[in-house]
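J.: The working numbering numbers the first residue of the sequence shown as 38 and each following residue consecutively.
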Amino acid sequence: MLVFEGLMPLVNPARWRQLFARLLNLSDGQLRFIGLIGVVLGLLLLLIAT
38 MLVFEGLMPL
48 VNPARWRQLF
58 ARLLNLSDGQ
68 LRFIGLIGVV
78 LGLLLLLIAT
């Protein structure tokens, strides 16, 4: 997982900063929804891989 998280700042650090700044402006509910989507996608990928 850390490999994927590290790709964005490695490949395009300016865009990563912009994205991170936008995330700081989101409400708690929006961040929770994004987290939920990440968990569901991760579980789906895990199920597909096994």
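Even glycine gets a Cβ: it sits at the ideal position worked out from N, Cα and C.
#1: How far does the alpha helix (DSSP H) with residue 82 in it reach, from first residue to last?
#2: In whole angstroms, what separates the C-alpha of residue 84 from that of residue 75?
#3: Between the alpha carbons of residue 53 and residue 87, how many angstroms are there, rounded?
T.: Let's see:
#1: 65-86
#2: 14 Å
#3: 31 Å
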